[in-house]
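Visitor: Take 46 as the starting number for the sequence shown in the numbering used here and just add one per residue.
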Amino acid sequence: VIFKLNPGVTDNQLEELRQAGEAMLGQIPGLTEFKMGRGLASTAHRAQGFDMGIMTVMNTEADVLAYAPHPAHQKVHKIREALCHDTIVFDMVV
């Protein structure tokens with residue numbers, strides 16, 4: 046997931062999002078990793094204004110489908126939606 050932060054988003058708000066995301070580990074079956082961070086300054090000119098990303102890793106496509114409605118993910122989703130104004134989601138198998 047990549048997104049554009051709203052103006053005025055604070056480090057404390059981003060930390061709340063990070064903590065909620067990390068708390069999903071162990072709660073959502075199949076979720077094995079959660080990472081969150083800003084884009085690299087050196088390549089920001091290619092990011093089309095997207096300045097923050099979240100990456101999750103799950104074991105199977107079934108895990109991905111079960112992830113979205115899970116209450117722990119819905120908490121993260123609600124926090125994220127309050128902090129950003131544009132989002133792109135891209136799921137893939139590797």
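Glycine is no exception: its CB is placed at the ideal position from the N, C-alpha and C atoms.
Taking the alpha helix (DSSP H) that R63 belongs to, which residues open and close that run?
Guide: Looking up residue 63 in the sequence shown gives position 18. It spans 56–68 - the alpha helix (DSSP H) in which R63 sits, taken as one unbroken run.
Visitor: Should I73 be labelled buried (16 or more other beta-carbon atoms within 10 Å of its own) or exposed?
Guide: What you label residue 73 is simply residue 28 of the sequence shown in a count that begins at 1. So I73 counts as buried.
Visitor: Quick check: the Cα distance between R63 and L128, rounded to an integer number of angstroms?
Guide: Indexing the sequence shown from 1 puts residue 63 at position 18. Indexing the sequence shown from 1 puts residue 128 at position 83. Cα-Cα distance, rounded: 12 Å.
Visitor: Taking M100 and Y112 to be in contact with their CB atoms under 8 Å, please state how far apart those CB atoms are, rounded to whole angstroms.
Guide: Here residue 100 refers to the residue found at position 55 when the sequence shown is read from its first residue. Here residue 112 refers to the residue found at position 67 when the sequence shown is read from its first residue. Going by Cβ atoms, the distance from M100 to Y112 rounds to 13 Å, so no, they are not a contact pair.
Visitor: If we ignore side chains and look at the alpha-carbon of each, how far apart do L85 and I47 end up?
Guide: Taking the sequence shown and counting its residues from 1, the one referred to as residue 85 is at position 40. Taking the sequence shown and counting its residues from 1, the one referred to as residue 47 is at position 2. Distance between the alpha carbons of L85 and I47: 13 Å.
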